[in-house]
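All you need for the working numbering is the position in the sequence shown, starting with 1, plus 311.
For glycine and all other residues, C-beta sits at the position ideal for the given N, C-alpha and C.
These numbers come from a predicted model, not from an experiment.
Below: one structure, written as structure tokens.
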Amino acid sequence: MRHAPLPTALSSTIALLLLGSALTYFFVISQSVSNQRQSDVVHTMEQPSHDSSDPFAEKIVHFDLKGAAPKVNYFAEIFPLLKRLNVSGVLIEYEDMFPYSGQIAVLKRTIAYKNDEIATILELARKNELEVIPLVQTFGHLEFALKYDRFSHLREHPEHFDTLCPSENDSWQLITEMLKQVRSLHPLAKRIHIGADEAYQIAKDERCLKRLRSELGFSTDRLKLAHIGRTARYAREELGFSEVLAWNDMFGAISDELMAKYELGNLLTPVVWGYAVDVTQPGYFPDGMFERYSKVFNKLMFASAFKGANGPDEIFANVNRYLANQESYVNLYRRNRTHLEGHVKGIVLTGWQRYNHAAPLCEILPVSLPSLVTDLIYLNNTSLSLLELTNLTQVTFMAQLIF
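In structure tokens, the structure reads:
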């Protein structure tokens, strides 16, 4: 039977293999630490914050299911680990693993989860006190839908199947049907993520160009905000979600006046994402972005990476590289405290399986667990030295096996 529990012996073997992989990572780190005095191993971080509230208190782990999606029983193993590491929720990007039906049934893979398996995942999350936030792409990264001939007319560019044309009525029918079906299997979900990132082909289709001329004053920014705002409003008002999350890059450089005009502050929470080793480097985010956001949004979140951001065909999850990404977000907050204090309410640790639907697999989940655990332990206590962090991560993996 598909997704049946693994035999005990096989499960133990896999666990030992994972532990061996983890300890190999940490041996490399520990060796570099052992050659230094402990006083020298503290990360080159700025001084700890003394805020009364922790901007990283809410930690959400992202599961990207577009390739090598975990079997249901795997969630039963990993959710208790996340709970132990103070994770408050999981962001599940189903893509073609969701059991879409009816007129959009073609979107699901032949091995997509069944309805009862979605229910099992939700129950496993509930038992481990993890909120489940579904993610549905509604603008960019719709390759899994736009690759089909029946939806090809919804492309913003006929030769690219990543971006949805927001000016085509059939596009709206597609994304609202997807959202409704996801809502039906997540009736208790309070939040949803509508994606909305990397819509690279925007304003290239004649339908959009006509709209730009007739309605939007030739403003591509207005075109983007109209679509993102409409989608967020639908999720809130028609589907009953109390909060809508969206990736921020499509409105990172837009003026606060225009965002306010489209009521973005009342409709969604931006998730500021960036997976570089150092996101504080000049020009990485648009100049003045955080000041603009502070005028429009009461809340925003950060999004780092624990895997899947170090090359489209990378198979090795570099623990130090992803830890540096987490550190840089802590520094980013401290350097922009004037505009971010009281606004940043959490961080999403993203774990990408592919760069896009057509890309090869990279850094799949099992081999990336050491990176995830290390990052979570660090975010729970950003004053840890490298030696302390390494020791705690090893202990966490041992406890997972024993208990």
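- Contact between P469 and V655 does not hold, since their C-beta atoms are separated by about 40 Å, which reaches or exceeds 8 Å.
- Counting along the chain, no beta strand (DSSP E) covers M408, and no H or E run does either.
- Between the alpha carbons of W483 and N647 lies a gap of roughly 37 Å.
- Take K515, set aside five residues on each side of it, and the residues of its chain with a beta-carbon closer than 7 Å to its own are E467, H468, in chain order.
- Uninterrupted alpha helix (DSSP H) stretches at least 4 residues long and entirely within the region 503-573 occur at 517-525, 531-544, 567-572, given in chain order.
- Going by beta carbons, L485 and A456 fall inside the 8 Å limit.
- According to DSSP, K370 shares a beta bridge with I658.
- Residues of the same chain with a CB within less than 7 Å of the CB of Q448, apart from the 5 flanking positions on each side, are G506 in chain order.
- With respect to T580, L634 sits apart: the two C-beta atoms are not nearer than 8 Å.
- Under the three-state reduction of DSSP output, A616 falls in the strand class.
- Annotated three-state conformation of T580 is strand, per DSSP.
- Across the set P593, S530, E554, the C-alpha of S530 shows the shortest separation from the C-alpha of L569.
- Residue pairing by DSSP places E625 in no beta bridge whatsoever.
- Separation of P410 and T421 (C-alpha to C-alpha, rounded to the nearest whole angstrom) is 9 Å.
- Of the residues assessed, P498 falls on the exposed side of the cut-off, its CB having fewer than 16 other CB atoms within 10 angstroms.
- Closest option to A670, judged by alpha-carbon separation, among L575, S399, E454: E454.
- Sequence-distant partners of H650 (beyond 5 residues in either direction) whose C-beta falls short of 6 Å from its own C-beta, in its chain, are F601, E602, S605.
- By the Cβ test, the region 676-683 is in contact with the region 625-645, since at least three Cβ pairs between them sit closer than 8 Å.
- The region 584-593 and the region 519-528 do not touch, with fewer than 3 CB-CB distances between them shorter than 8 Å.
- L490 is positioned such that its CB atom lies closer than 8 Å to that of Y545.
- Judged by their CB atoms, I503 and F562 are not nearer to each other than the 8 Å cut-off.
- A straight-line Cα-Cα distance of about 26 Å links R461 and I403.
- Remark: C-beta atoms of G662 and D375 approach each other more closely than 8 Å.
- DSSP places P681 within a helical segment (H, G or I) once states are collapsed to three.
- Judged by beta-carbon spacing, I432 lies beyond the 8 Å limit of F472, meaning their Cβ atoms are not closer than that value.
- For D375, DSSP records a beta bridge to E404.
- The Cβ atoms of G378 and Q664 sit closer than 8 Å to each other.
- Within the model, the alpha-carbon separation for A436 versus G594 is close to 38 Å.
- Annotation: V706 to E652 spans about 33 Å, alpha carbon to alpha carbon.
- In the three-state reduction of the DSSP assignment, F472 falls in the strand class.
- DSSP links E442 through a beta bridge to G400.
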